[in-house]
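Numbered according to my numbering, the first sequence spans residues 2 to 445.
We put the beta carbon where it would ideally sit given N, CA and C, even for glycine.
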Amino acid sequence: MRVRFAPSPTGALHIGGARTALYNWFVARGSGGTLVLRIEDTDRERSTPENVEQILDALRWLELDYDEGPISQVERSSRHAEVLQQLLDQDLAYRTTATAEDVKAYKAQHGADKGFRGRPEAEGAVRLRVPEDEELVVHDLIRGDTTFRTVHLDDPVIARADGTALYNFAVAIDDHDARITHVIRGEDHLSNTPKQLLVYRALGVDPPAFAHLPLLHGPDGKKLSKRHGAASVQELRAEGYLPAAIRNYLALLGWGDADDETIITTDELVKRFDITRVSKNPARFDVQKLRWLNGRYLRELSLDELTAALEEHTGRTGLRSVVEISCEKIQTLADFWPLAGFFFDGPTTTDAKAREQWLGDDGRAALGDARGALAALPEDGFTVEEIDVALRAVVQAREAKPKQVFQPVRVALAGTTVSPGIFETLAVLGRDESLRRIDAALGG
RNA sequence: GCCGCCAUCGUCUAGGGGACUAGGACGCCGCCCUCUCACGGCGGAAACCGGGGUUCGAAUCCCCGUGGCGGUACCA
2 MRVRFAPSPT GALHIGGART ALYNWFVARG SGGTLVLRIE DTDRERSTPE NVEQILDALR
62 WLELDYDEGP ISQVERSSRH AEVLQQLLDQ DLAYRTTATA EDVKAYKAQH GADKGFRGRP
122 EAEGAVRLRV PEDEELVVHD LIRGDTTFRT VHLDDPVIAR ADGTALYNFA VAIDDHDARI
182 THVIRGEDHL SNTPKQLLVY RALGVDPPAF AHLPLLHGPD GKKLSKRHGA ASVQELRAEG
242 YLPAAIRNYL ALLGWGDADD ETIITTDELV KRFDITRVSK NPARFDVQKL RWLNGRYLRE
302 LSLDELTAAL EEHTGRTGLR SVVEISCEKI QTLADFWPLA GFFFDGPTTT DAKAREQWLG
362 DDGRAALGDA RGALAALPED GFTVEEIDVA LRAVVQAREA KPKQVFQPVR VALAGTTVSP
422 GIFETLAVLG RDESLRRIDA ALGG
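This is how it looks when you write it as structure tokens:
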């Protein structure tokens, strides 16, 4: 199999596009075939070299490698011109100056469901001749057969007046020349397929196999955008999601097999993925589930791996001991700093409500007792076990509930009521720093 | 408007005529664990869009309706 992924290089690799890339990759890898990249860059306005590079970078980050490409439509313009002239010579296509308004007028006269047929002229855009009334069947690996009648189809413009090729024309030529066997793309291309089928016919070649993926929407059913948290792979990366988790989540967004499992390794996915089992319904992107899944993947990393990932993400070093005690509390790399930043930057989050609740008269009294117990511990005895014993003794002595002692300490150290385990936090912070922070809290 | 695609819990899905008191996962709720938040464990609420057929029997097949989405560019 020769499968091709054709991103539209607008800079960001949209999540829907990432899923299409992933499915293409599954099919290519699963069949021992080849993944070819084809860049849809005939619209030079937005397809800058920088944008193309950003897409490739996102693909590499997701670890979706391609064997060939990128094929650039712009670079293939002479080939497109050659085929165009051929179709013109064979009278399979014709030039016309008819505009969109002319097409509208034509329909007003002949009926809205009648496709536009133009009159050949010496100049103008090139339109492909569409058979008068014939049934064009799109065989789709996911949807089965869809029939389009050519009467409804306008003669499509395949090249501008200046001779440059348009998408529906270029894509067929490029895919054929690249010997593509499988075209897997978004459902928004389904209606374009009959036009491409006509181009293949004019070329006198067999079309590839098609599979049209259902579209992806945001949680509200609308088009996915930044408003929904993230719309591109680049944004997911910035928010600290792992490539493996994204691959797993995206694989399941529109596909599932009889096993119905949720956490599946990429290797297993490649083996199991079956394009014919892809869902026909549009799916909604649910960040909640991705977060959960990402948390599962995060917790499967070794301490060293997670530390390295977090140090790269935060740009800080020396995170290991803190990572060790907070790893089960984060779902993305971005969750780490808000939770554990206080270890390094001090209790900067001034949570007034927390101070009010836990550092009132009772709290300060408990904190004072806790300070005494902690200060009694030797420098080299400031361990989780010893701190545990010492603090629980304070709880006993005060005939208090554990949290009545622990929470004031937590607020003094972290500035908030949420942190890793209090004994672990104290041990990692060390005796001196812990006492310093407690004194600061008591003094304020 | 015209052409086309789609329709199972809030979300992602399993299901392909009897195995369905419709299964799993996220989320939600409750309980357990517990120093907070989590993690983990246990339990719960929660769906076949509507109407007609076909059939002994329909979530599953057909038709209509409704709804959602896509295409309808000298964009891709």
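Close beta carbons around residue 401, own chain, < 7 Å, minus the five adjacent residues each side: 367
* **Pair within 8 Å by beta-carbon distance, residue 121 and residue 96** => yes
Terminal residues of the continuous beta strand (DSSP E) containing residue 69? 69–73
Self-check item: One or two residues paired with residue 187 in a DSSP bridge
Solution: 214
Margin query: I believe residue 454 touches residue 15 by the beta-carbon criterion, under 8 Å. Please report the beta-carbon distance rounded to the nearest angstrom.
Written below: Past the edges of the chain, shown from 2 to 445, lies residue 454, and the structure says nothing about it.
query: Is it buried or exposed for residue 286, if we count other Cβ within 10 angstroms and need 16 for buried?
result: Buried is the call here.
Fill in: Cβ shell of residue 27 (< 6 Å), same chain only, five flanking positions each side left out
271, 274
| Exposure of residue 282, with buried meaning 16 or more beta-carbon neighbours within 10 Å | The residue in question, residue 282, is exposed, as its Cβ has fewer than 16 Cβ neighbours within 10 Å.
Pick helix, strand or coil for residue 343, following the three-state DSSP scheme. helix
Just to confirm, are residue 394 and residue 415 a CB contact at a threshold of 8 Å?
no
Checklist line | Given 8 Å, three or more beta-carbon pairs between the stretch 170–183 and the stretch 72–86 | finding: yes
- prompt: According to the Cβ coordinates, are residue 179 and residue 130 closer than 8 Å?
  reply: no
**Study point:** Inter-residue spacing [alpha-carbon to alpha-carbon] between residue 429 and residue 322
**Key:** Between residue 429 and residue 322, the C-alpha separation is close to 7 Å.
*Is the number of C-beta pairs between the stretch 41–54 and the stretch 134–141 that are closer than 8 Å three or more?*
no
Query - Beta-carbon proximity check, residue 424 vs residue 396, cutoff 8 Å - result: In terms of Cβ geometry, residue 424 and residue 396 do not form a close pair [threshold 8 Å].
| message | Give me the residue from 228, 146, 264 with the minimum Cα distance to residue 291. | response | 264
Mapping the DSSP letters down to three states, classify residue 13 as helix, strand or coil. coil
ask   = What separation, rounded to the nearest whole angstrom, lies between the Cα atoms of residue 421 and residue 337?
value = 11 Å
- request: Count the other C-beta atoms from every protein chain shown that fall within 10 angstroms of the C-beta of residue 343, then say buried if there are 16 or more, exposed otherwise.
  value: Within 10 angstroms of the beta-carbon of residue 343 lie 16 or more other beta-carbons, which makes it buried.
TODO: Could you tell me if residue 74 is buried or exposed, where buried requires 16 or more neighbouring beta carbons within 10 angstroms of its beta carbon?
DONE: buried
Practice prompt. Note down, in chain order, each residue of its chain lying with its Cβ closer than 7 Å to the Cβ of residue 29, except the 5 sequence neighbours on either side.
Written response: 2, 4, 35, 36
(request) Go through its chain and collect everything with a Cβ distance to residue 7's Cβ below 8 Å, but skip five positions before and after it. (result) 38, 39, 40, 41, 172, 186
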